[in-house]
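Structure first, then comments.
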Amino acid sequence: MRGLYTEKITGKNKIDMLKSILAKIKPETTEKLSMEQFHDDGEGVDRVYNVYKIISGEEIYILKKSEDNEIEVYEKFLLNKKLPVPKLEGWTCVDNTKWILIEYIEGQDLRNFNEGMAHGCAESLAKIFNTYWQESGFQENKLDNRFERYWTRINKRAQCLKNEPKLSSAYRVFLDRQLVCPRTVCNGDFLQFNAIENKGSIILIDWAFAGVMPYSLDIARLISHGSEQFFPFPFYMTDEYRKIFVKGVYERLINKPNYKQFIWDVILSCLNECIEFIERELNNEAIERDEGFDYYYKNAEALADIILRGKEQVNVP
């Protein structure tokens with residue numbers, strides 16, 4: 001397995017289609033043009049993405065199929081802010097489909113996580129968090145409606161726990177905290193393949209699920225998936241690197257809760273991550289519960305035990 005890779009596009013129809021899109025966004029890119037499509041076989045199944053590497057002379061870009069939310073996040077929060085994200089070159093709509101052209105970031109993703117990546121992720125995430133930090137969950141001047149969509153989704157997720165009293169009780173603690181937890185601009189899907197290590201910095205590259213949400217979500221997303229055995233996701237992660245990353249984020253935040261509350265918020269959001277990855281099986285008993293289910297269920301139970309003992313019982317270094 002190669003993980004993320006590209007294949008050159010040779011079909012005339014696809015080349016002409018992509019050229020027509022590029023011509024609407026940045027006409028000069030259609031000269032001396034070469035195009036490659038992104039694939040990923042990192043989980044044993046070859047996935048083909050509507051994401052293309054555009055090589056135009058000496059310049060390289062990414063053209064990707066997008067949605068309104070990603071474009072709005074770029075224009076409202078990321079454009080010209082000197083944040084660790086790719087530069088937006090422009091966007092267009094063709095046949096009711098949105099496309100964005102962004103800067104190509106050279107480097108590797110974070111599947112083989114290491115100490116340098118832990119420090120880099122902490123620095124990049126804290127820089128974004130500090131730019132848009134909102135101390136209280138209740139805001140008179142909301143920056144977007146992302147929280148409302150998120151709130152609807154997690155309340156629906158809670159329904160999968162109707163036959164799981166311990167997990168349900170712990171998840172209720174998570175839900176209650178979301179209403180008052182500090183919010184900031186979050187990537188929404190900060191997994192290891194959605195960031196690139198580039199010249200010692202970490203660049204967050206996919207903003208399709210982004211918006212203003214509780215700050216602990218991105219932290220928990222990164223540390224909840226992956227292990228020293230690369231299972232059940234193809235990510236390497238150790239407890240040492242988790243600690244470096246989490247502590248690094250906290251130390252770099254300008255405005256922040258006390259450290260115990262910070263760790264508590266991350267624990268609550270880690271429970272949400274685990275429940276997300278067993279939600280489908282809990283809602284449908286006909287779906288086979290494989291090793292991946294067992295992994296997340298076991299972690300969810302361990303987190304629920306911590307949560308139900310209460311915040312004051314949490315030991316922090």
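In UniProt numbering, the protein residues as written are 1 to 317.
We put the beta carbon where it would ideally sit given N, CA and C, even for glycine.
Buried or exposed by the 16-neighbour rule on C-beta atoms within 10 Å, applied to residue i
i      : result
Ile278 : buried
Glu273 : buried
Cys93  : exposed
Ser224 : buried
Thr10  : exposed
Tyr259 : exposed
Ala286 : exposed
Ala126 : buried
Tyr150 : buried
Gln192 : buried
Val48  : exposed
Ile128 : buried
Val73  : buried
Ile254 : exposed
Ala302 : exposed
Asp294 : exposed
Ile271 : Contrary to the premise, residue 271 reads as Leu rather than Ile in this sequence. Buried, since its Cβ has 16 or more Cβ neighbours within 10 Å.
Tyr70  : Correcting the residue identity first, residue 70 is Glu in this sequence and not Tyr. Counting Cβ neighbours within 10 Å, Glu70 comes out buried, since at least 16 surround it.
Ser169 : exposed
Gln178 : buried
Met1   : The pLDDT assigned to Met1 is 46, lower than 50, so where the model puts this residue is not dependable; a value taken from the coordinates is nonetheless given after this. By the 10 Å Cβ count, Met1 comes out exposed.
Leu308 : exposed
Residues of its chain near residue i, where Cβ-Cβ distance is below 7 Å and the 5 sequence neighbours each way are ignored
i      : result
Met117 : Leu110, Glu197, Ile202
Phe147 : Arg183, Val212, Met213
Asn299 : Cys274
Val249 : Ala122, Leu125, Ala126, Ile219
Phe235 : Arg111, Phe113, Gln192, His225, Gly226
Glu106 : Asn198
Glu115 : Tyr241, Ile244
Lys256 : Tyr250, Phe262
Cα-Cα separation, residue i to residue j
i           : j      : result
Asp144      : Pro27  : 32 Å
Lys53       : Thr152 : 35 Å
Ile267      : Val246 : 11 Å
Ile306      : Val314 : 7 Å
Ile154      : Asp95  : 33 Å
residue 388 : Lys162 : Because residue 388 is not part of the residues shown, which for the chain are 1 to 317, the question remains open.
Asp290      : Ser56  : 45 Å
Ala23       : Trp91  : 11 Å
residue 356 : Tyr241 : Outside the shown range of the chain, which is 1 to 317, sits residue 356, and nothing can be said about it.
Tyr296      : Lys98  : 35 Å
Phe231      : Gly292 : 8 Å
Asn283      : Pro165 : 15 Å
Tyr61       : Leu217 : 29 Å
Lys65       : Leu204 : 17 Å
Arg280      : Lys156 : 12 Å
Asn130      : Glu288 : 43 Å
Asp176      : Ile15  : 50 Å
Phe77       : Val51  : 22 Å
Pro84       : Ile102 : 13 Å
Lys311      : Tyr5   : 44 Å
Val316      : His119 : 19 Å
Lys81       : Ala304 : 39 Å
Asn194      : Ile25  : 24 Å
Glu276      : Gln159 : 12 Å
residue 354 : Pro86  : The shown model of the chain, from 1 to 317, leaves out residue 354, and the question about it has no answer.
Tyr171      : Asp206 : 27 Å
Sequence-distant residues of its chain with Cβ nearer than 6 Å to residue i (five each side left out)
i      : result
Tyr188 : The residue you asked about is not Tyr; residue 188 is Gly in the sequence shown. Closer than 6 Å at the Cβ level, and outside the excluded window around Gly188, lie Phe209, Ala210.
Leu79  : Leu88
Phe233 : His225, Gly226
Phe190 : Asp218, Arg221, Leu222
Ile21  : Val94, Trp99
Cut-off 8 Å between Cβ atoms - residues of its own chain near residue i, not counting five sequence neighbours on either side
i      : result
Asp46  : His39, Asp40
Lys19  : Thr30, Leu33
Glu67  : Lys98, Ala208
Lys142 : Val212
Gln108 : Ile196, Glu197
Ser228 : Contrary to the premise, residue 228 reads as Glu rather than Ser in this sequence. The answer, listed in chain order, is Tyr236, Met237, Thr238.
Arg252 : Ala122, Glu123, Ala126, Lys127, Asn130
Tyr215 : Phe129, Trp133, Cys181, Pro182, Arg183, Thr184, Cys186, Asp265
Any non-hydrogen atom of the ligand ADP within 8 Å of residue i CB
i      : result
Leu110 : Inclusion of the ligand ADP in the displayed structure is not the case, the ligand content being empty and no account of it being possible.
Segments assigned beta strand (DSSP E), at least 3 residues, entirely inside the segment 209-262: 211-214
Inside the segment 17-57 only - beta strand (DSSP E) runs reaching at least 3 residues: 33-40, 47-56
Validate contact between the segment 127-137 and the segment 175-184 using beta carbons, cut 8 Å, 3 pairs: yes
4 or more residues per run - each alpha helix (DSSP H) lying fully within the UniProt domain "Aminoglycoside phosphotransferase" (80-230): 115-132, 146-158, 165-178, 216-223
Uninterrupted alpha helix (DSSP H) stretches inside the segment 278-311 (no shorter than 4 residues): 279-283, 291-309
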